[in-house]
Amino acid sequence: MTYGSASFNIIAHLVMLGWIPLCIALFLVMKPARAVATGLVTGLLLLPNISYELHRLPEFDKTIAVGFGVAIGAILFDRQRLLAFRPRWVDLPVAVLCLSAFCSSVANDRGLWDGLSGAFDQLARWGVPWILGRIYFAEFRPQQQLVLVIIVGALIYTPFCVFEMKMSPLLHRLVYGVMLKSVKHANKGFVWRPNVFLIHGLMCAMYLAMAAFLAFTLWITRARRDLFGFPILAVLAVLGVMTVGVSSKNALLMFLGGVTCILLAKQLRWKLPLLLLVLAAPVYVGLRQGLGWEGTELVEVVEPVFGAGRAASLQARFDSENLLHDRVNERAWFGWADAGEFTGNQSITGESTHESFDIVIDSMWLIYAGTYGLVGLAAAFAIMLLPPLLAWKLIPARHWTHPALAVTVALSILSALLALDCLLNSFDNPVFLAGGGGVAGLLGTREGRARWQ
Numbered sequence: 001m002t003y004g005s006a007s008f009n010i011i012a013h014l015v016m017l018g019w020i021p022l023c024i025a026l027f028l029v030m031k032p033a034r035a036v037a038t039g040l041v042t043g044l045l046l047l048p049n050i051s052y053e054l055h056r057l058p059e060f061d062k063t064i065a066v067g068f069g070v071a072i073g074a075i076l077f078d079r080q081r082l083l084a085f086r087p088r089w090v091d092l093p094v095a096v097l098c099l100s101a102f103c104s105s106v107a108n109d110r111g112l113w114d115g116l117s118g119a120f121d122q123l124a125r126w127g128v129p130w131i132l133g134r135i136y137f138a139e140f141r142p143q144q145q146l147v148l149v150i151i152v153g154a155l156i157y158t159p160f161c162v163f164e165m166k167m168s169p170l171l172h173r174l175v176y177g178v179m180l181k182s183v184k185h186a187n188k189g190f191v192w193r194p195n196v197f198l199i200h201g202l203m204c205a206m207y208l209a210m211a212a213f214l215a216f217t218l219w220i221t222r223a224r225r226d227l228f229g230f231p232i233l234a235v236l237a238v239l240g241v242m243t244v245g246v247s248s249k250n251a252l253l254m255f256l257g258g259v260t261c262i263l264l265a266k267q268l269r270w271k272l273p274l275l276l277l278v279l280a281a282p283v284y285v286g287l288r289q290g291l292g293w294e295g296t297e298l299v300e301v302v303e304p305v306f307g308a309g310r311a312a313s314l315q316a317r318f319d320s321e322n323l324l325h326d327r328v329n330e331r332a333w334f335g336w337a338d339a340g341e342f343t344g345n346q347s348i349t350g351e352s353t354h355e356s357f358d359i360v361i362d363s364m365w366l367i368y369a370g371t372y373g374l375v376g377l378a379a380a381f382a383i384m385l386l387p388p389l390l391a392w393k394l395i396p397a398r399h400w401t402h403p404a405l406a407v408t409v410a411l412s413i414l415s416a417l418l419a420l421d422c423l424l425n426s427f428d429n430p431v432f433l434a435g436g437g438g439v440a441g442l443l444g445t446r447e448g449r450a451r452w453q
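Be aware that the sequence shown starts at 1, since it is given in this note's numbering, and climbs by one per residue.
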């Protein structure tokens, strides 16, 4: 992740220091599941994009702070439920991901301590939100609470997004003292793409789009008729307008993909679209890395639909991936253990639509393939794709729009869309990971299935 170049102000440090006490306060005034949901969403949307370098330890940043703050609150006020947690087969991908980080460091002669540090980092980023989801969102009512908190968070973000669409993404600088580097790509002509307190405008757009998709699911299935007295259709309209207004074609496509899955299940009893979403990410990686497909045909499709600028951006991404193809294969199983080692820390000049360009390495699949190898990449995708695969296999299409199961299905689709987004971007999102963990706990364990079958 990239941050601004200047020092963050005292407010940023105070917010980070006050985060754990705030999480503890949430458990004092809310029931545990609601406190977990509120803590995850609040941390994601509010905390500054700040990173503390710790000697011989993983950097302590926003993502780790969010998960640890909520986990500490749970340890202090809901210890019995945490102690009752037992690992199940659905947790295996998390274990493999942590193990792959360890093996990557050892295989690259970086030492045992570096391996343990890498494994801990993956546990903090992926494992903690997943386990919190397994514990607290493996039932229908807590899942609906999580969905409602996600939607409320998007609604609260809406006026700030509107402000930044007019004035440019400057709230992070005004509050925390530093302008995020992603602002240089935010000007979209008549409007700006907002960040608010998220690391990038694309991440903000994705969050708003997924909240709109969840609101659509609640409306079309009648799982919820209102939110704080406002009709859910009105909520959907607001979030739908914002999804279009933030100028992210990728986020809009994700929203439409989720809506299509729900509508086809409702009208035609088709589950196939969800399976296609599940297969899309691994098939893409297989074509790009395994078969060496250069992506030319996709660029030709994108240009007439989304314009020459978007096509050129996609081509630059493909050019970088093509240049790194052999680097991945050099250490295919466990990678290079360090993104800088993987890319060579240098600009690349080669045959491209541009004469000279820097390596574009902002897609999660390429970062993980190069850093942790294909083992780590497969584990990361398994974490995101296991929940929708379970929903596709276990829940009949005729039940997808049942008010009791609709939220579970929606969170499953959201997890599949998160995996698709990782083909282009690399944004940590503990909220969506927790939702996926809840679905896996409900559908993939004996205890969970006993609650609904």
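Glycine included, each C-beta is placed from N, C-alpha and C at the ideal position.
Residue i vs residue j beta-carbon contact at 8 Å
i: L146; j: G435; result: yes
i: L44; j: V29; result: no
i: S426; j: M384; result: no
i: A205; j: A251; result: yes
i: L423; j: A281; result: yes
i: I50; j: A84; result: no
i: F306; j: V259; result: no
i: R132; j: A71; result: A small fix is needed here, since residue 132 is Leu in this sequence, not Arg. Against a cut-off of 8 Å, the Cβ pair of A71 and L132 comes out as a contact.
i: A211; j: Y136; result: no
i: M16; j: P48; result: yes
i: L130; j: S168; result: Leu is not the amino acid found at residue 130; the sequence shown has Trp there. In this structure, S168 does not lie closer than 8 Å to W130 by Cβ.
i: F140; j: T408; result: yes
i: L227; j: L148; result: yes
i: S415; j: F432; result: yes
i: K271; j: I220; result: no
i: G39; j: G73; result: yes
i: V41; j: I150; result: yes
i: P273; j: L264; result: yes
Coil, strand or helix - residue i by DSSP
i: N52; result: The sequence given here places Tyr at residue 52; Asn does not occur at that position. If DSSP states are grouped into helix, strand and coil, Y52 belongs with the strands.
i: V169; result: With the sequence shown as reference, residue 169 is identified as Pro, and Val is not the correct amino acid for it. In this structure, P169 counts as coil in the three-state DSSP scheme.
i: F334; result: coil
i: W192; result: strand
i: E294; result: coil
i: C161; result: helix
i: F8; result: coil
i: M179; result: coil
i: I361; result: coil
i: Q267; result: helix
i: F427; result: coil
i: L457; result: In the structure displayed, the chain extends from 1 to 453; residue 457 sits before or after that span and is not available.
i: T343; result: helix
i: R449; result: helix
i: F306; result: helix
i: G441; result: helix
i: I199; result: coil
i: E300; result: helix
i: F140; result: helix
i: C422; result: coil
Own chain residues within Cβ distance below 6 Å of residue i, not counting five before or after
i: T445; result: R88
i: V285; result: W365
i: F77; result: F27
i: R173; result: M179
i: A311; result: V299, V302 and E303
i: L275; result: W392
i: M203; result: F427
i: Q122; result: L97, C98 and A101
i: R398; result: R269
i: G438; result: G133, F137, A138 and Q143
i: S352; result: Here S352 scores only 38 on pLDDT, less than 50, and its place in the model is too uncertain to base an answer on.
Own chain residues within Cβ distance below 7 Å of residue i, not counting five before or after
i: Y372; result: S100, A101, S104, F334 and G335
i: G448; result: A138, G441 and L442
i: D114; result: S105
i: T63; result: R125, D428 and P430
i: T158; result: V238 and M242
i: P93; result: A379, A382, I383 and L386
i: R331; result: G373
i: R56; result: W113 and S117
Cβ separation of residue i and residue j, assumed to be a contact under 8 Å, to the nearest whole Å
i: A410; j: L239; result: Not really, about 14 Å apart at Cβ, beyond 8 Å.
i: G376; j: L82; result: The Cβ separation is near 27 Å, so there is no contact.
i: G69; j: I10; result: No, G69 and I10 are not in contact; Cβ-Cβ is about 20 Å, not under 8 Å.
i: V196; j: L170; result: Incorrect: roughly 10 Å between the Cβ atoms, too far for contact.
i: A450; j: N108; result: Wrong, their Cβ atoms sit about 45 Å apart, outside the cutoff.
* To do: Please specify which runs of the beta strand (DSSP E), each continuous and at least 3 residues long, are wholly inside the stretch 17 to 43, giving them in chain order.
  => If we require 3 residues or more, the stretch 17 to 43 turns out to have no beta strand (DSSP E) run fully inside it.
* To do: Ignoring anything shorter than 4 residues or poking outside the stretch 37 to 123, list the alpha helix (DSSP H) runs there in chain order.
  => 62 to 77, 79 to 83, 92 to 107 and 112 to 122
* To do: Tell me the start and end of each unbroken alpha helix (DSSP H) in the stretch 214 to 260 that is at least 4 residues and wholly inside, in chain order.
  => 232 to 245
* For the stretch 370 to 407, list the beta strand (DSSP E) runs that are entirely contained and at least 3 residues long, ordered along the chain. => none
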